[in-house]
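> This is the structure, below, for whatever I ask next.
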Amino acid sequence: MRRFIYSIMVTALISSLLTTLYRDSIIAYLEELQVSEYSYLILLTPSSIFIIHRLTSLGSMGGFNIYKLISTVGTLAVSMSLYTLSRVVTEYSLQLEMYSLVLIIATIVLFIYGGFEKPWVPLAIIPLLLSMVPLPIGFISELARLLTAPLVITVSFLTGSPMVSTSMFQGIIIWDNEGVQRILEIAPECSGVGSLLTVLSLIPWIVYLSSQSRIPWPERIKGVAKSILVAALIVFAGNVARLALIVYVSRALGFDTAMSIFHYNSPVIYTGLATLTALLIAPKPSFRAGINAVNTVSRGFNSVDAAKILLLLFMVALYIAIALHISLPFAGTVYMNPVKLVENPASIVFNSTNTYVWMNTPSPLLGKTLGALSVYNIGISSGSNIAVGYVEVAESPSRFHGWQICLINQGYNIEKWWSEARNTTIVYTVISKDSTRLLLAYSVYMYPTGMGNLYVRISLFTPADGNLEDKAYWLNTILNNANIPSDTREMPLDSIMWSLYLGIALMLLPIIAGVVNARAHYFSLF
Numbered sequence: 028m029r030r031f032i033y034s035i036m037v038t039a040l041i042s043s044l045l046t047t048l049y050r051d052s053i054i055a056y057l058e059e060l061q062v063s064e065y066s067y068l069i070l071l072t073p074s075s076i077f078i079i080h081r082l083t084s085l086g087s088m089g090g091f092n093i094y095k096l097i098s099t100v101g102t103l104a105v106s107m108s109l110y111t112l113s114r115v116v117t118e119y120s121l122q123l124e125m126y127s128l129v130l131i132i133a134t135i136v137l138f139i140y141g142g143f144e145k146p147w148v149p150l151a152i153i154p155l156l157l158s159m160v161p162l163p164i165g166f167i168s169e170l171a172r173l174l175t176a177p178l179v180i181t182v183s184f185l186t187g188s189p190m191v192s193t194s195m196f197q198g199i200i201i202w203d204n205e206g207v208q209r210i211l212e213i214a215p216e217c218s219g220v221g222s223l224l225t226v227l228s229l230i231p232w233i234v235y236l237s238s239q240s241r242i243p244w245p246e247r248i249k250g251v252a253k254s255i256l257v258a259a260l261i262v263f264a265g266n267v268a269r270l271a272l273i274v275y276v277s278r279a280l281g282f283d284t285a286m287s288i289f290h291y292n293s294p295v296i297y298t299g300l301a302t303l304t305a306l307l308i309a310p311k312p313s314f315r316a317g318i319n320a321v322n323t324v325s326r327g328f329n330s331v332d333a334a335k336i337l338l339l340l341f342m343v344a345l346y347i348a349i350a351l352h353i354s355l356p357f358a359g360t361v362y363m364n365p366v367k368l369v370e371n372p373a374s375i376v377f378n379s380t381n382t383y384v385w386m387n388t389p390s391p392l393l394g395k396t397l398g399a400l401s402v403y404n405i406g407i408s409s410g411s412n413i414a415v416g417y418v419e420v421a422e423s424p425s426r427f428h429g430w431q432i433c434l435i436n437q438g439y440n441i442e443k444w445w446s447e448a449r450n451t452t453i454v455y456t457v458i459s460k461d462s463t464r465l466l467l468a469y470s471v472y473m474y475p476t477g478m479g480n481l482y483v484r485i486s487l488f489t490p491a492d493g494n495l496e497d498k499a500y501w502l503n504t505i506l507n508n509a510n511i512p513s514d515t516r517e518m519p520l521d522s523i524m525w526s527l528y529l530g531i532a533l534m535l536l537p538i539i540a541g542v543v544n545a546r547a548h549y550f551s552l553f
């Protein structure tokens, strides 16, 4: 009965946080699950929640003391600082808010279920909560870039195809069944990073299963490491095989046929094989060695329990009040509505009264192909000048495919290209095909939103007849006048950082006390 009341209280407190302060973060989190790079969270999140639920049964639900109170206050202070900091560092706003949420959930869980006989339990609960926070898209993009280089080299070696690598793209040169030269661009998001993260998301589950095995701990650690390593190698080998098959089938049946067969469906096969292999190799659990709930003293709900719950209710209510009345009015940047930006980007980016947007139609199929959140075909005119092109919206600039690859694969000849930087960096490319000669200009813009930064690439094509400098100047004017958010307010960063430092100090104080005084050992607080 006592544990049941505690469970209801924990559920109620976490639900109140999710529906008030962190409502927008949870919505953004659910939207992120639909992005291919974050699909690993679909497997990782429920696994971590289940394991945390099992670990809380090991708590004796003991009372509280001064050390536990200081640690709780310190953790809430750090959580509040991260929540406030998320209003300033827009690039990582979702991650910072989720870290803030993780800390306060950890505080509630450890405060309520504290009294763990095994010191590794609280050290396991906190990392499990942290693992559910989405990795920054910049980190994923950098990881994808590191995976791309060995992938390109391996496929080039196995297929005997020339490798092309520039500052803008990496790929393989293919001659198809008709003798037409193609370039298979291996974009960072096609490097297998999504499959690799899916395999790595198995680590909590494999570690949990191995913890219930009866074999010695050194053998368990070796088994876990071996299962993850083999699964990662299967992912890499599967991606190499996918790209090699695209090369060979392109030579025999055509480039489009090869892409339609192997480009989209193959990752599901080798990712599933890697997952199954990891689970088979990992140490097997023993049903006799399972985690058993702590047999707490059988007593009813008493005044100590009531005081403990009331104190936690007071601290969480105070936390919400401070966040609502102090943090939010100091929002550092005016956020763009992400839904509006994705659903109709042209209405936001083209704000000049001298620019007439005469075409603005969505292209969902192209968006799916390019891996962007949305792609719109646009047509604009100003005076006697006219241009057509695309507006793409994505979570990272690395998701925008290189224009050079796309143009070469469509048979265009790239005559020259250059770039200019003023309000934004604009890349110009002169292309030609048969009797058609065009000037392409494109630029990338960043828009802060409630779910982190979104990026917009505007690409415009205009006939390259007449005075090329005049055409470039007109496109330069259009792209430099795009609507870039600049309405910001000063944020007292020093105050936020001092609050963060103070909270960390309060968190560390019980640890120091535990070292100085064995009777106040830190783990006994939880």
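Residue numbering for the sequence shown follows our numbering, starting at 28 and increasing by one per position.
Note that beta-carbon positions come from the ideal geometry of N, C-alpha and C, so glycine has one too.
In whole angstroms, what is the alpha-carbon distance linking W181 and Y56?
According to the sequence displayed, residue 181 carries Thr and not Trp. Distance between the alpha carbons of T181 and Y56 is about 36 angstroms.
> How many angstroms separate the CA atom of S74 from the CA atom of I53?
One C-alpha to the other measures close to 18 angstroms.
> Considering Cα atoms alone, identify which of S374, V384, V420, I413 is closest to P391.
The option with the nearest alpha carbon to P391 is V420.
> Would you please state the rounded distance, in angstroms, between the beta carbons of V160 and Y110? I believe it to be under 8 angstroms.
V160 to Y110, Cβ: 13 angstroms. No contact.
> In whole angstroms, give me the CA-to-CA distance for Y67 and L162.
Spanning the two alpha carbons is a distance of roughly 11 angstroms.
> By Cβ distance, which residues of its chain are closer than 7 angstroms to N404, with the 5 residues on each side in sequence left out?
Contacts found: M386, T388, S390, Y417.
> Could you compute how far the alpha carbon of K335 sits from the alpha carbon of I139?
Approximately 8 angstroms, taken between the alpha carbons.
> Which residue or residues does DSSP assign as beta-bridge partners of W445?
DSSP lists Y455 as partners of W445.
> Using a 10 Å radius around the Cβ and a threshold of 16 neighbouring Cβ atoms, would you call Q208 buried or exposed?
With fewer than 16 other Cβ atoms within 10 Å, it is exposed.
> Indicate the three-state DSSP secondary structure (helix, strand or coil) for Y439 in the structure shown.
Note: Y439 maps to coil in three-state DSSP.
> How many Å lie between V37 and F341 at the Cα?
Whole-angstrom Cα-Cα distance: 14 angstroms.
> Can you list, in chain order, the residues of its chain whose CB lies under 8 angstroms from that of I255, leaving out five sequence neighbours each side?
Closer than 8 angstroms at Cβ, skipping near neighbours: V226, L227, L229, I230, I233, A305.
> Give the C-beta separation of L44 and I131 to the nearest angstrom, bearing in mind that I take them to be a contact with Cβ-Cβ under 8 angstroms.
Indeed they touch by this definition, with Cβ atoms about 6 angstroms apart.
> From Y469, A491, P490, R172, pick the residue whose C-alpha is nearest to that of N508; which is it?
Per the Cα distances, Y469.
> Do you know how far the Cα of L506 is from the Cα of E447?
So the two alpha carbons sit approximately 11 angstroms from each other.
> What is the residue span of the alpha helix (DSSP H) that S554 lies within?
This structure gives no information on residue 554, because the portion of the chain shown stretches from 28 to 553.
> According to DSSP, is A285 part of a helix, a strand, or is it coil?
Here A285 sits in helix by DSSP.
> Can you list, in chain order, the residues of its chain whose CB lies under 8 angstroms from that of D492, leaving out five sequence neighbours each side?
Cβ neighbours of D492 beyond the five flanking positions: R464.
> May I have the straight-line CA-CA distance separating N494 from H428, to the nearest angstrom?
When rounded, the distance between both Cα atoms is 29 angstroms.
> Closest by CA to L211, which one among S240, V179, E205?
Cα-wise, what sits closest to L211 is V179.
> Quick one: Cα of R269 to Cα of Q431, how far?
Cα to Cα, R269 sits roughly 23 angstroms from Q431.
> For the beta strand (DSSP E) that I273 lies in, which residues bound it at each end?
Note, I273: premise wrong, no beta strand (DSSP E); alpha helix (DSSP H) at 244-280.
> With a CB to CB cut of under 8 angstroms and the five nearest residues on each side skipped, what residues in its chain are close to S42?
Hits under 8 angstroms: none found.
> For the alpha helix (DSSP H) that R7 lies in, which residues bound it at each end?
In the structure as shown, the chain begins at 28 and stops at 553. Residue 7 is therefore absent and cannot be evaluated.
> At the level of alpha carbons, what is the spacing between F377 and G250?
Each residue's alpha carbon lies about 57 angstroms from the other.
> Can you check whether the CB of S183 is closer than 7 angstroms to the CB of I199?
Cβ distance < 7 angstroms, so I199 and S183 count as in contact.
> Decide if V295 is buried, meaning its Cβ has at least 16 other Cβ atoms within 10 Å, or exposed.
Exposed.
> Contact defined as beta carbons within less than 8 angstroms: I believe S63 pairs with S423. What is the distance between those atoms, to the nearest angstrom?
With 8 angstroms as the limit, S63 and S423 do not qualify as a contact, their Cβ atoms being about 12 angstroms apart.
> Which residues in the same chain as T456 place their Cβ atom closer than 7 angstroms to its Cβ, once the five residues preceding and following it in sequence are excluded?
Result list for T456: W430, I441, W444, L467, in chain order.
> Which class does K367 belong to by DSSP, given the choice of helix, strand or coil?
The answer is helix: DSSP assigns K367 an H, G or I state.
> Alpha carbon to alpha carbon, how far is I79 from P149?
Each residue's Cα considered, the two are about 10 angstroms apart.
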